[in-house]
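The structure appears right after this line, and notes come after that.
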Amino acid sequence: MLDIALLPGEYAVCRMAAGATLPYALSTGLRGADVVTVSWTSDGISVICPIDRAPAQAVVETTWRCLRVTAPVTLAGTGSLAALVDPLAEARVSAVTFSTFDTDYLLVPTVRLTEGTAALQRAGHRVTG
Numbered sequence: 024m025l026d027i028a029l030l031p032g033e034y035a036v037c038r039m040a041a042g043a044t045l046p047y048a049l050s051t052g053l054r055g056a057d058v059v060t061v062s063w064t065s066d067g068i069s070v071i072c073p074i075d076r077a078p079a080q081a082v083v084e085t086t087w088r089c090l091r092v093t094a095p096v097t098l099a100g101t102g103s104l105a106a107l108v109d110p111l112a113e114a115r116v117s118a119v120t121f122s123t124f125d126t127d128y129l130l131v132p133t134v135r136l137t138e139g140t141a142a143l144q145r146a147g148h149r150v151t152g
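Heads up: the sequence shown is residues 24 to 152, going by our numbering.
Right, here's the structure in full:
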């Protein structure tokens, strides 16, 4: 069982062209529980951020809600992402995941939040927020 916190606000999953410059606003003034993650590849730049920080030049996916595993996750730990994604897949709820050094995050479409959190709770996880 994992303790999971629903972060406030909606999130965007964005794609920017390879070599694009990240807006300065992505790296400054994060509020409270805000999370921003950036991944660079030769194909482009992927950004996950609060919807109001989505880069103007980015292709933006539908709005998402962000869930955070509240207990620290060790890098050697196994199975925590599967424990989150498997119940969502069974409930046919899309998910986007990312990890930091300290913990795991997952996004579910805003329109499927109720179904997603219910699936996680049926799997034995505690969802707060």
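C-beta atoms are modelled at their ideal positions from N, C-alpha and C, and glycine is treated no differently.
DSSP state of residue i mapped onto helix, strand, coil
i           : result
residue 62  : strand
residue 28  : strand
residue 116 : coil
residue 90  : strand
residue 130 : strand
Boundaries of the beta strand (DSSP E) in which residue i is found, first to last residue
i           : result
residue 112 : Residue 112 -> not in any beta strand (DSSP E); alpha helix (DSSP H) instead, spanning 103-113.
residue 38  : 34-39
Euclidean distance between Cα positions of residue i and residue j
i           : j           : result
residue 104 : residue 150 : 15 Å
residue 51  : residue 148 : 33 Å
residue 56  : residue 152 : 12 Å
residue 116 : residue 67  : 26 Å
residue 35  : residue 87  : 6 Å
residue 58  : residue 75  : 12 Å
Proximity of residue i and residue j at Cβ, strictly below 8 Å
i          : j          : result
residue 70 : residue 49 : yes
residue 39 : residue 78 : yes
First through last residue of the alpha helix (DSSP H) which encompasses residue i
i           : result
residue 76  : Segment: none, residue 76 is in no alpha helix (DSSP H) and carries neither H nor E.
residue 140 : 136-145
CB-CB length for residue i against residue j, believed under 8 Å
i           : j           : result
residue 114 : residue 138 : 6 Å
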